[in-house]
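Protein chains in written order, with our numbering: chain L, 1 to 255; chain G, 1 to 282; chain V, 1 to 340. We treat Cβ as the ideally placed atom computed from N, Cα and C, and that holds for glycine. None of the values given here were measured: they were computed from a predicted structure. Input: a single structure, listed below in structure tokens.
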Amino acid sequence: MTSKPRVAIFDFACCEGCQLQLVNLEEELLDLIAVVQPVQWREAMTEHSEDYDIAIIEGSITRAQDEERLKEIRARAKVLIALGACAAMGGVNRLKNNFTMDDVRARVYGKDSAMPHLDTQPTKAVGEVVKVDFAVHGCPITKSEFTSIARCLALGKTPLIPNHPVCVECKMAGNVCRFEYSEICLGPVTRAGCGAKCPSGGFWCYGCRGFVDDPNVNAARDIMAHYGKTVADLRSRMLLYNSQQELANGPDTQY
Amino acid sequence: MAKKKTSAGGTDIYLPEMATVVRSAPMTELDRFLEFRLDSGRELGHRPGQFVELSVLGVGEAPISISSSPTQAGSFQMVARQVGNVTRALHALAAGEKVGIRGPFGTEFQVDGAMKGKDLLFICGGIGLAPVRSAINYVMDRRADYGKVTILFGARTPAERLFTEETRRWAAAPGVTYQETVDRGDEGWTGNVGVITTLMPRLAVDPGRTVAVICGPPVMYKFVLLELRKLKISDANVYVSLERHMKCGVGKCGHCQVNGIYVCQKGPVFRYSDVAEVREAI
Amino acid sequence: MKSVSAKALLDWVDDLIRKRRVMGAQARDDRFTWGPLARAADLRLDYDVTLLPPKVFLQPPREKLLEFSRAGGYTSCVEAEPFVLLGVHPYDLAAIRQMDEVFSQDHADARYLKRREAATIVAVDVQAVSANTFAGHMGASHVETGYDILLTRIGDGYVAELATKKGEAIAGALASAADADAAAQEARREVWAQNAQRLKKHELKAAPADWPGLLRKGYEHSVWEEKAKLCFSCGSCTLTCPTCYCFDAREDVGWSLARGTRVRIWDSCMLADFAKVAGGHNFRKNKADRYRHRYYRKGQYIPEKIGGQIACVGCGRCITACVARIANPVEVFNRLAEAR
Chain L
1 MTSKPRVAIF DFACCEGCQL QLVNLEEELL DLIAVVQPVQ WREAMTEHSE
51 DYDIAIIEGS ITRAQDEERL KEIRARAKVL IALGACAAMG GVNRLKNNFT
101 MDDVRARVYG KDSAMPHLDT QPTKAVGEVV KVDFAVHGCP ITKSEFTSIA
151 RCLALGKTPL IPNHPVCVEC KMAGNVCRFE YSEICLGPVT RAGCGAKCPS
201 GGFWCYGCRG FVDDPNVNAA RDIMAHYGKT VADLRSRMLL YNSQQELANG
251 PDTQY
Chain G
1 MAKKKTSAGG TDIYLPEMAT VVRSAPMTEL DRFLEFRLDS GRELGHRPGQ
51 FVELSVLGVG EAPISISSSP TQAGSFQMVA RQVGNVTRAL HALAAGEKVG
101 IRGPFGTEFQ VDGAMKGKDL LFICGGIGLA PVRSAINYVM DRRADYGKVT
151 ILFGARTPAE RLFTEETRRW AAAPGVTYQE TVDRGDEGWT GNVGVITTLM
201 PRLAVDPGRT VAVICGPPVM YKFVLLELRK LKISDANVYV SLERHMKCGV
251 GKCGHCQVNG IYVCQKGPVF RYSDVAEVRE AI
Chain V
1 MKSVSAKALL DWVDDLIRKR RVMGAQARDD RFTWGPLARA ADLRLDYDVT
51 LLPPKVFLQP PREKLLEFSR AGGYTSCVEA EPFVLLGVHP YDLAAIRQMD
101 EVFSQDHADA RYLKRREAAT IVAVDVQAVS ANTFAGHMGA SHVETGYDIL
151 LTRIGDGYVA ELATKKGEAI AGALASAADA DAAAQEARRE VWAQNAQRLK
201 KHELKAAPAD WPGLLRKGYE HSVWEEKAKL CFSCGSCTLT CPTCYCFDAR
251 EDVGWSLARG TRVRIWDSCM LADFAKVAGG HNFRKNKADR YRHRYYRKGQ
301 YIPEKIGGQI ACVGCGRCIT ACVARIANPV EVFNRLAEAR
């Protein structure tokens, strides 16, 4: 590289846990800033520049003014990366979309819910507002995946974001399938790349990396009875990260 | 196929040997011409139609057809179309920079076999011209060994035509018919417009002494084969070069399989009559 | 052939662990797995089936192929420390012998062959029958060659056949154990005969020898589309298969961006993008085409490559691993046979 790409990190509606994963890179941060130059990063630095090549967006979009701010960022950046589940697909915040916005405001703000600065809209993923070049999936992101993507970008290489289910990594890890314990695991429809962390730790997959490109959600529904489960059980399991995800992925709008 | 070791004295089939870019020039917006020489000084030793696995350090490896004729000693040439990481990185390489090479791998156009002494009909779409050029130039260099030569080339647009100077030379050579067409013309274009099969009904071929070669995008084969049947050229006299992801090049990784056939070993060049019944082939 | 008590066998294993790297079958959660053996007490020769086959040691899920640097180009990495594979079931051994053929033919794969050479295989006849095995139908419920040592549980002890020089080299105290008498040898034949019957938890109606013929006629059979409808394209059936070996290669660089590694990693023809080429065209885009491909690999394509052996040994791992319950070769070949 002749010059290091200039990187700015922005946060929208989220817990900032994915940025925290970046801060948690610790000594690897020094390696990271050897290949990229951060110019704006609220959580980690005081300097501030609007001249950047790569914009990293954390969080989902829940207000009209955030959409405007995001569009401005997109206009400045050559490459825009969605960081984490909230940015990539709306994340846990998307749960909100299962309710009316009045309900949501009333539940959270009580009698103040009508105040104009508390206005809110259904959660959008970054990609529903502007073009996203790459998504770093996960809640939170996987550090090693992020650093690998960073090195790819420094080399001018398109990072490989898996388009196969978590089962691939789970099988390679030699795990016992969670379905053998009659648990609903979202591994078969969820994008791999996490190294099957949850099943390796004895939990089902929560689906935090979103669906693969062509998830067989219908099959998931069809096999529930065999595992002593119902479609309602499956739906509730999908609610956390995958509320209305399939709208973007295919014709099945059952959930 | 060539029984070359992939590295000096080595037996590791996955180990590339180093080569140096000796020439790199843009051809179209998407395509770049690249010429290489093996650092060991050995000849690549390929046959027309074969491919190599080319590595760009840190980026990865991809199968790429060899575009030069083995009659041209000392170096070998390729056309890199920017479709993935490796080819994109290739576009950025300047003369003097290094790549890794494994191969050559795969089967060849039968320039010293079934094609010898015959009239030849080359039908190429887009980047498909790159591997076939190896055979065409082989034939040009041994012109007396072959009959009439007909070359059809189709590109999406005039600007996407490849080897325009060389195709002019082919067109001017005695006993050679060269025709080209584009899917969409532009302001300056006065030539043929239409898919490549539109050039075929007008061809005057002697089906009994013609061998045809097809290489192009996946969608092209079916239609070209239909036209060849209309020209009464038998399937046994047709050779197709099939594109697949020949990831390992040595019949192991499974990616290039067409039904039971490993394209990296039994292809990429097939006699069409051998694969006409293979369902995943065309 | 030697006769040893169970206790003497465990002592031998403990002794072996002190001298060699030993990979053994052991418990993992409610199932069994392969791993470095720390002590004989962890060895579970009574396991039914392991989660992953022992191919994990011969073609690891992830393996460094090459290292490279801008200055020095590429160099080969081959890891092949000698080790003992302790407790391989006959069907898995049958699969290993198929892999031996695949990786040694045409362009020989030095990494596989070196690791294979480094492995001393102690096989063990099946004691506990796994829920989905049909190895008895596939002629893989017992083997009579291919191992370095074969252990068979007879009553309270084992008979041990030291079959090769490699086996003798690790035999230690087994070598000086009492010779197995005629009754023990007869008892081993009886175990083999019983296992041929016991390892049939699914009823196969199409003899393996008929599989290639059934496939030749069955390309358009409705079973492919019907089963594939439920397929998650998750690769579990092939990743757990002892005869599957497809792989991908990936390259990663260190932070210097000037040095790095190329790794080989398991891949699967069942994954959506397996047959995709640069530029985006996918030559096996439909689930049914991928689903069918797997069965043709098992029953026709690999057999054509390795002298007719069917590339399924009946271990049943795919049946257990498939969440959608569509991966059972017995069901599929029975269906193809019905249509005759």
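| Query | Result |
| --- | --- |
| Measuring only between beta-carbons, confirm whether V/Ala337 sits less than 8 Å from chain L. | no |
| Looking at the structure shown, is L/Ala248 part of a helix, part of a strand, or coil, going by DSSP? | The predicted position of L/Ala248 is uncertain, since its pLDDT is 42 and thus under 50; a value taken from the coordinates is nonetheless stated next. In the structure shown, L/Ala248 sits in a helix (DSSP, three-state: H, G or I). |
| Closer than 8 Å by beta-carbon distance: list the chain G residues that pair up with V/Gly279, in chain order. | Arg81, Val83, Gly84 |
| Give me the Cα-Cα distance between L/Pro215 and L/Tyr241, rounded to the nearest whole angstrom. | 14 Å |
| Whole angstroms are fine: how far does the CA of L/Cys177 sit from the CA of L/Arg235? | 20 Å |
| Identify every residue that forms a DSSP beta bridge with V/Pro53. | The partner list for V/Pro53 (beta bridge, DSSP) is empty, contrary to what the question assumes. |
| Would V/Ser268 and V/Gly316 qualify as a contact pair, given that the criterion is a beta-carbon distance under 8 Å? | no |
| From G/Glu227, G/His245, G/Thr71, pick the residue whose C-alpha is nearest to that of G/Val83; which is it? | G/His245 |
| Applying the criterion that 16 or more other CB atoms from any shown protein chain within 10 Å of the CB defines a buried residue, is L/Thr253 buried or exposed? | Because L/Thr253 sits at a pLDDT of 32, beneath the cut-off of 50, its placement in the model cannot be relied upon, and the following sentence gives the value as read from the coordinates. Label assigned to L/Thr253: exposed. |
| Against chain G, with Cβ distances strictly below 8 Å, would L/Thr62 count as a contact? | no |
| Just verifying my parser: in three-state terms, what is the DSSP assignment at L/Asn24? | coil |
| Where does G/Glu227 sit, in a helix, a strand or coil, going by DSSP? | helix |
| Would you mind working out which of L/Glu58, L/Tyr52, L/Asp31 sits nearest L/Gln19, comparing C-alpha positions? | L/Glu58 |
| Where does G/His46 land, buried or exposed, given buried means 16+ other C-beta within 10 angstroms? | buried |
| Can you confirm whether V/Cys246, when its beta carbon is compared against all beta carbons of chain G, has any partner nearer than 8 Å? | yes |
| Among G/Ala173, G/Pro174, G/Met200, which has the Cα closest to the Cα of G/Glu180? | G/Met200 |
| Are the C-beta of L/Ile161 and some C-beta of chain V separated by less than 8 Å? | no |
| For G/Pro217, report the span of its alpha helix (DSSP H) as first-last. | Element bounds for G/Pro217: n/a, residue is neither H nor E. |
| If you draw a straight line from the C-alpha of V/Asp156 to the C-alpha of L/Val217, how long is it? | 51 Å |
| Hey, out of V/Asp46, V/Leu10, V/Arg20, whose CA is closest to V/Gln26's CA? | V/Asp46 |
| Output the boundary residues of the beta strand (DSSP E) element that contains V/Arg153. | 149-154 |
| Which runs of the alpha helix (DSSP H), 4 residues or longer, sit entirely within the segment 100-184 of chain G? | 129-141, 164-172 |
| Can you name the residues of chain L whose CB is closer than 9 Å to the CB of V/Ala236? | Looking at the sequence provided, one finds Ser at residue 236 of chain V rather than Ala. Going along chain L in sequence order, the residues near V/Ser236 (Cβ under 9 Å) are Pro165, Cys167, Val168, Cys170, Lys171, Cys177, Pro188. |
| If you reduce the DSSP assignment to three classes, tell me which class V/Ile319 lands in. | helix |
| Going by beta-carbon coordinates alone, are V/Met1 and V/Ala187 separated by less than 8 Å? | no |
| On the CB-based measure, 16 or more other CB atoms within 10 Å of its CB, does L/Asn98 come out buried or exposed? | exposed |
| Quick one: grab the DSSP three-state call for L/His48. | strand |
| Considering only the beta carbon of each residue, do V/Gly260 and V/His137 sit closer than 8 Å? | no |
| Kindly indicate the opening and closing residues of the alpha helix (DSSP H) around V/Gln197. | 182-198 |
| Taking the beta carbon of G/Asp112 as the centre, do at least 16 other beta carbons fall within 10 Å, making it buried, or is it exposed? | exposed |
| If G/Gly100 sits next to G/Ser55, beta carbons under 8 Å apart, how far is it from one beta carbon to the other, in whole angstroms? | 3 Å |
| Looking at chain L, which residues of the segment 49-63 of chain G have a Cβ within less than 7 Å of any of its Cβ atoms? | Gly58, Val59 |
| Report, in whole angstroms, the separation of the C-beta atoms of V/His322 and V/Cys237, which I expect to be a contact under 8 Å. | The sequence given here places Cys at residue 322 of chain V; His does not occur at that position. Between V/Cys237 and V/Cys322 the Cβ distance is about 5 Å, and since that is below 8 Å, they are a contact. |
| Restricting to Cα atoms, I'd like to know which of L/Met238, L/Ala219, L/Cys194, L/Val231 is closest to L/Ile161. | L/Cys194 |
| Determine which residues share a DSSP beta bridge with V/Val88 and list them. | V/Ala123 |
| Taking the continuous alpha helix (DSSP H) assigned at G/Cys263, which residues delimit it? | Checking the sequence, you will find Val at residue 263 of chain G rather than Cys. Per DSSP, G/Val263 belongs to the alpha helix (DSSP H) from 263-266. |
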